[in-house]
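*Asks:* Which chain is which? The protein sequence lines are E and X, in order. Under this note's numbering, the first residue of the first sequence carries the number 845, and numbering increases by one thereafter. Under this note's numbering, the first residue of the second sequence carries the number 1235, and numbering increases by one thereafter. Backbone N, C-alpha and C fix where the C-beta goes; we use that ideal spot for every residue, glycine too. Below is the structure I would like to discuss, written out as structure tokens.
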Amino acid sequence: MSKLTAAIVGSGNIGTDLMVKLLRSDWLEPRWMIGIDPESDGLRRARDAGLETSAEGLKAVLDAGVRPDVVFDATSAKAHVRHAKLLREVGIQAIDLTPAARGPYVIAAVNLEEHLDSPNVNMVTCGGQATVPIVYAVSRVIGVEYAEIVATISSRSAGPGTRQNIDEFTETTGKALEVIGQARKGKAIIILNPANPPILMRDTIYCVIDDPAPDVFDRVRESIESMVRHVQTYVPGYRLNREPILDGRVVSVSIEVEGLGDYLPVYAGNLDIMTAAAVKFGEEYAKHRLSVVKG
Amino acid sequence: MAEVQRISVTDVTLRDGMHAVRHQFSLEDARAIAGALDKTGVALIEATHGDGLGGSSIQYGFSKEDEEAYLRAVCEAAPHTKVAALLLPGIGTVEHLKRAVACGIRAVRVATHSTEADISEQHIREARSLGLDVVGFLMLSHMTETPVLVEEAKKMASYGAHCVYIVDSAGAMLMDEVTEKVSALRDALPSEVQVGFHAHNNLGCSVANSLAAIRAGAVRIDASLAGLGAGAGNTPLEVFVAACEKSGIDTGVNLYAAMDAAEDVLGPRISRPVRTDRASLTLGYAGVYSSFLLHAERASQRFGVDARDILVELGKRKVVGGQEDMIVDVAVELAAHK
């Protein structure tokens, strides 16, 4: 079976974890890894895995005539603004893992099929991929007046890109709670915890629901449980820490994400949920495109 | 005769004190307290939700008043004193900061956990470009070894902080540790960058620790009226000023004005004075973020477990500031194992 070819831009934590996952894909073949630091661990691993590598950045590679079917961008929001333009000009599908949001938001568990024809899609944030599905699971049962999430990740899993642009995390995640989660208002908080051994990614999701009647809450609970099982199909380490709690009109859900340990160890579930979501979109896109071509 | 040491005092009644009143100060409370503080001679009045800009939330508790209205009320009521906001990157954003500047603040304190200073770069640089007096705030400094603290403080200074604080958020430090950590920062930072100290009174050492900090080179000290603050409270302003006078330290604060503000203005507005009860003492003993106190008490009642057990368990798990959501999770677990 033929596969679509993929390039990864950005050889940091996210780009490298993404590569490991793409190497297992039946639909996508990672052929290029593009960074800016020739000494980076990510580029070295890409070379070892047989990918073509470049430390000259995306523009130089495109100028040299390289044309992947799909480009995954794991750089920074600022860099992606430039990359989005370059990729649009040459008609290459962009899957954006930065918070730049040049294209529509995609939360893999919720609206994967909606944007298969969009030339640039944005994967929101790790916190968004982990928490928006829960808010959506609540809002498909009962109106959500306000959703608030608190994402706690281990310090070691937060690279320099995340650290220098922490506002983009809170702002983009908050917006996705509204746009995709369908809360009427959203707010996101992120905490870095330096404990050693590192903690697993952990998220608390609060939803203020319009009607807290017992039968409504029962349906909310079922909807959440079914959503957790759905996310587990592509992120096996995604799970509830405890039963959802209802306090007045506030539903509180606590989840934990254990990674697969593809690049960073299992504590970095935040990397996994982001890269797994991006791969899932890439595969759906490949199936869509290959079926269109064949059809 | 020894030279008189001059230091400046930042009052945190309207910010850290918010934890003790569940963030429920009204605009009228804010005006009255800020007006009284304006007459004391404190150098800076810090005001916001207890968890800083954007802190009003389910996680930390909603403020009674709108953030901007609160800041405007404080700035208007204290025309002679600079007003500061607290900002925790990850909770508050540069956007919040710009709105606070439009309300009249002239200083900001950017707070991170004591190993995570690099998440403050964006906010410290922006605050400098907005022309603010900028303080870097290294929270839960007791959890972090001195050489690491020094490196984190240097980062904040390199982004442009005018002053870097050792923050004893858990009230877990004793005088020797304060001396060691403050001296290390003083030795390592450029001379134009000041060093500050923020205490909590969970082990009854807030005034003594603040005096030790001054001896070690700190020139900015936090205090609050009657010690109103998270946990067993902060350094009580009026007590600290009196102790400084007796030690030959000039705080610029009028002792009687501070005493009157604490008793006549703040006193009638609080239903529960801060005190070193068993739960707040446990914060200092277990080294846990002081703001967890009222949340832990609530979880204790709701799930039928001792607040001390919750706090000690949180300490074991090395939970950091802002992780209030862990309180319910730990309480649920402890209740299940009973």
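Beta carbons nearer than 7 Å to chain E: which residues of the stretch 1341 to 1356 of chain X have them?
*Replies:* H1347, T1349, E1350, D1352, I1353, E1355, Q1356
*Asks:* Within the chosen definition, does the stretch 1005 to 1025 of chain E reach the stretch 1066 to 1086 of chain E through at least 3 CB pairs nearer than 8 Å?
*Replies:* no
*Asks:* Under the DSSP definition of a beta bridge, which residues are partnered with H1347 of chain X?
*Replies:* Residue numbering aside, residue 1347 of chain X sits at position 113 when the second sequence is read from its first letter. Per DSSP, X:M1373.
*Asks:* Tell me which same chain residues have a C-beta within less than 7 Å of the C-beta of G1438 of chain X, skipping the five on either side of it?
*Replies:* As a first step, residue 1438 of chain X must be located in the second sequence, where it is residue number 204. Excluding residues within five positions, the ones whose Cβ falls inside 7 Å are T1510.
*Asks:* Compare the Cα-Cα distances from V1499 of chain X to each of X:E1531, X:G1269, X:G1463, X:V1246 and report the closest residue.
*Replies:* One-based indexing of the second sequence puts residue 1499 of chain X at position 265. Closest option to V1499 of chain X, Cα to Cα, is X:G1269.
*Asks:* Does the CB of K1552 of chain X have a neighbour CB from chain E at under 9 Å?
*Replies:* In the second sequence, counting from the first residue as 1, residue 1552 of chain X sits at position 318. Chain E, which has a Cβ nearer than 9 Å to the Cβ of K1552 of chain X, makes this yes.
*Asks:* Does the stretch 1350 to 1363 of chain X come close enough to the stretch 1523 to 1540 of chain X to have 3 or more Cβ pairs within less than 8 Å?
*Replies:* Between the stretch 1350 to 1363 of chain X and the stretch 1523 to 1540 of chain X there are fewer than three inter-stretch CB-CB distances shorter than 8 Å, so the stretches are not counted as touching.
*Asks:* Per the contact definition of three or more C-beta pairs closer than 8 Å, is the stretch 1073 to 1081 of chain E in contact with the stretch 1052 to 1062 of chain E?
*Replies:* no
*Asks:* Which first and last residues belong to the alpha helix (DSSP H) in which T1006 of chain E is found?
*Replies:* Start at 1 with the first residue of the first sequence, and residue 1006 of chain E comes out as number 162. Here the alpha helix (DSSP H) through T1006 of chain E covers 1004 to 1008.
*Asks:* Please state whether DSSP places V950 of chain E in a helix, a strand or coil.
*Replies:* Locating residue 950 of chain E in the first sequence gives position 106, where the first residue counts as 1. In this structure, V950 of chain E counts as coil in the three-state DSSP scheme.
*Asks:* In whole angstroms, what separates the C-alpha of G859 of chain E from that of L867 of chain E?
*Replies:* Start at 1 with the first residue of the first sequence, and residue 859 of chain E comes out as number 15. Start at 1 with the first residue of the first sequence, and residue 867 of chain E comes out as number 23. Spanning the two alpha carbons is a distance of roughly 12 Å.
*Asks:* Is there a Cβ from chain X that is less than 9 Å from the Cβ of K922 of chain E?
*Replies:* Translated into positions along the first sequence, residue 922 of chain E becomes position 78. It does not; no Cβ of chain X falls within 9 Å.
*Asks:* Express the C-alpha separation of V1429 of chain X and L1364 of chain X in angstroms, rounding to a whole number.
*Replies:* Here residue 1364 of chain X refers to the residue found at position 130 when the second sequence is read from its first residue. Here residue 1429 of chain X refers to the residue found at position 195 when the second sequence is read from its first residue. Our two residues, L1364 of chain X and V1429 of chain X, have alpha carbons roughly 22 Å apart in a direct line.
*Asks:* Have a look at E:T969, E:D892, E:L956, E:R1007 and flag the residue whose alpha-carbon is nearest the alpha-carbon of D917 of chain E.
*Replies:* In the first sequence, counting from the first residue as 1, residue 917 of chain E sits at position 73. Considering only alpha carbons, the answer is E:T969.
*Asks:* CB L1419 of chain X to CB V1384 of chain X, shorter than 9 Å?
*Replies:* For the purposes of this step, residue 1419 of chain X is identified with residue 185 of the second sequence, where counting begins at 1. For the purposes of this step, residue 1384 of chain X is identified with residue 150 of the second sequence, where counting begins at 1. Contact flag set, yes.
*Asks:* My understanding is that V1369 of chain X touches A1336 of chain X, with C-beta atoms under 8 Å, so please give their C-beta distance in whole angstroms.
*Replies:* Indexing the second sequence from 1 puts residue 1369 of chain X at position 135. Indexing the second sequence from 1 puts residue 1336 of chain X at position 102. Between V1369 of chain X and A1336 of chain X the beta-carbon gap is near 20 Å, outside 8 Å, which marks them as no contact.
*Asks:* Counting only C-beta atoms, is D1011 of chain E closer than 9 Å to chain X at any point?
*Replies:* Within the first sequence, residue 1011 of chain E is the residue found at index 167, counting from 1. Answer yes: the Cβ-Cβ gap between D1011 of chain E and chain X drops below 9 Å somewhere.
*Asks:* Opposite I993 of chain E in the DSSP bridges: which residues?
*Replies:* Taking the first residue of the first sequence as 1, we reach residue 993 of chain E at position 149. I993 of chain E is bridged to E:A1032, E:I1049.
*Asks:* May I have the straight-line CA-CA distance separating K1480 of chain X from R1449 of chain X, to the nearest angstrom?
*Replies:* What you label residue 1480 of chain X is simply residue 246 of the second sequence in a count that begins at 1. What you label residue 1449 of chain X is simply residue 215 of the second sequence in a count that begins at 1. A direct Cα-to-Cα measurement between K1480 of chain X and R1449 of chain X gives close to 14 Å.
*Asks:* Could you name the residues of the stretch 1298 to 1329 of chain X whose beta carbon sits closer than 8 Å to any beta carbon of chain E, in the order they occur along the chain?
*Replies:* Contacts with chain E (Cβ-Cβ distance below 8 Å) from the stretch 1298 to 1329 of chain X involve P1323, G1324, I1325, T1327, V1328, E1329, listed in chain order.
*Asks:* In three-state DSSP terms, what is A974 of chain E?
*Replies:* Here the question's residue 974 of chain E lines up with position 130 in the first sequence. Note: A974 of chain E maps to helix in three-state DSSP.
*Asks:* Using 10 angstroms around the beta-carbon of S1505 of chain X, count the other beta-carbons present and answer buried if the total reaches 16, otherwise exposed.
*Replies:* Here residue 1505 of chain X refers to the residue found at position 271 of the second sequence. Exposed.
*Asks:* For M1235 of chain X and A1446 of chain X, I'd like the C-alpha separation in whole angstroms.
*Replies:* Within the second sequence, numbered from 1, the residue matching residue 1235 of chain X stands at position 1. Within the second sequence, numbered from 1, the residue matching residue 1446 of chain X stands at position 212. Because M1235 of chain X carries a pLDDT of 46, less than 50, the predicted location of this residue cannot be relied on, and the following value inherits that uncertainty. Cα-Cα distance, rounded: 20 Å.
*Asks:* Please say whether E1127 of chain E and L941 of chain E have beta carbons closer to each other than 9 Å?
*Replies:* Position 97 of the first sequence, counted from the first residue, corresponds to residue 941 of chain E. Position 283 of the first sequence, counted from the first residue, corresponds to residue 1127 of chain E. Between L941 of chain E and E1127 of chain E, the C-beta spacing is not below 9 Å.
*Asks:* Under a three-way DSSP split, which group does N964 of chain E fall into?
*Replies:* Locating residue 964 of chain E in the first sequence gives position 120, counting from the first residue. In the structure shown, N964 of chain E adopts extended strand secondary structure according to DSSP, grouped into three states.
*Asks:* In the DSSP assignment, what are the bridge partners of S998 of chain E?
*Replies:* For the purposes of this step, residue 998 of chain E is taken as the residue at position 154 of the first sequence. E:N1037.
*Asks:* Contact criterion: CB-CB distance below 9 Å. Does R1240 of chain X meet it with respect to chain E?
*Replies:* Reading the second sequence from its first residue, position 6 is the one you call residue 1240 of chain X. It does not: the Cβ of R1240 of chain X has no partner Cβ on chain E nearer than 9 Å.
*Asks:* What does a CB cutoff of less than 6 Å around G1139 of chain E pick up in its chain, not counting 5 residues either side in sequence?
*Replies:* For this step, residue 1139 of chain E is matched to residue 295 along the first sequence. Interpretation of G1139 of chain E is limited by its pLDDT of 46, a score under 50 that renders its predicted location unreliable; no figure is taken from the coordinates.
*Asks:* Buried or exposed, going by whether 16 or more other CB atoms sit within 10 Å of the CB of R1306 of chain X?
*Replies:* On the second sequence, residue 1306 of chain X is found 72 positions in, with the first residue counted as 1. That one is buried.
*Asks:* What number of angstroms, rounded off, separates the C-alpha of L1462 of chain X from the C-alpha of S898 of chain E?
*Replies:* What you label residue 1462 of chain X is simply residue 228 of the second sequence in a count that begins at 1. What you label residue 898 of chain E is simply residue 54 of the first sequence in a count that begins at 1. So the alpha carbons of these two residues sit roughly 58 Å apart.
*Asks:* Show which residues of chain X have a CB atom less than 9 Å away from the CB atom of M1086 of chain E.
*Replies:* In the first sequence, counting from the first residue as 1, residue 1086 of chain E sits at position 242. Residue identity differs from the one stated: residue 1086 of chain E is Arg in this sequence, not Met. Those within 9 Å of R1086 of chain E in chain X are V1562, D1563, V1566, E1567, A1570.
*Asks:* Would you mind stating whether I1117 of chain E and A974 of chain E have Cβ atoms separated by less than 9 Å?
*Replies:* Residue numbering aside, residue 1117 of chain E sits at position 273 when the first sequence is read from its first letter. Residue numbering aside, residue 974 of chain E sits at position 130 when the first sequence is read from its first letter. Yes, these two residues count as a Cβ contact at 9 Å.
*Asks:* Identify the contact partners of S1291 of chain X in chain E, using a Cβ-Cβ distance below 9 Å as the criterion.
*Replies:* Taking the first residue of the second sequence as position 1, residue 1291 of chain X is located at position 57. Ordered by position in chain E, the residues that pass the 9 Å Cβ test against S1291 of chain X are E992, V994, K1031, I1033, Y1050.
*Asks:* Looking at the unbroken beta strand (DSSP E) that takes in D1456 of chain X, where does it start and where does it end?
*Replies:* As a position in the second sequence, residue 1456 of chain X is number 222, starting the count at 1. Where D1456 of chain X is concerned, the enclosing beta strand (DSSP E) stretches over 1454 to 1457.
*Asks:* Flag G1556 of chain X as yes if its beta-carbon sits less than 9 Å from any beta-carbon of chain E, otherwise no.
*Replies:* Sequence index remark: in the second sequence, residue 1556 of chain X carries index 322 (1-based). Taking Cβ atoms only, chain E reaches closer than 9 Å to G1556 of chain X, which makes this a yes.
*Asks:* Does G1482 of chain X come out as helix, strand or coil in the three-state DSSP assignment?
*Replies:* By 1-based counting over the second sequence, the position of residue 1482 of chain X is 248. Coil.
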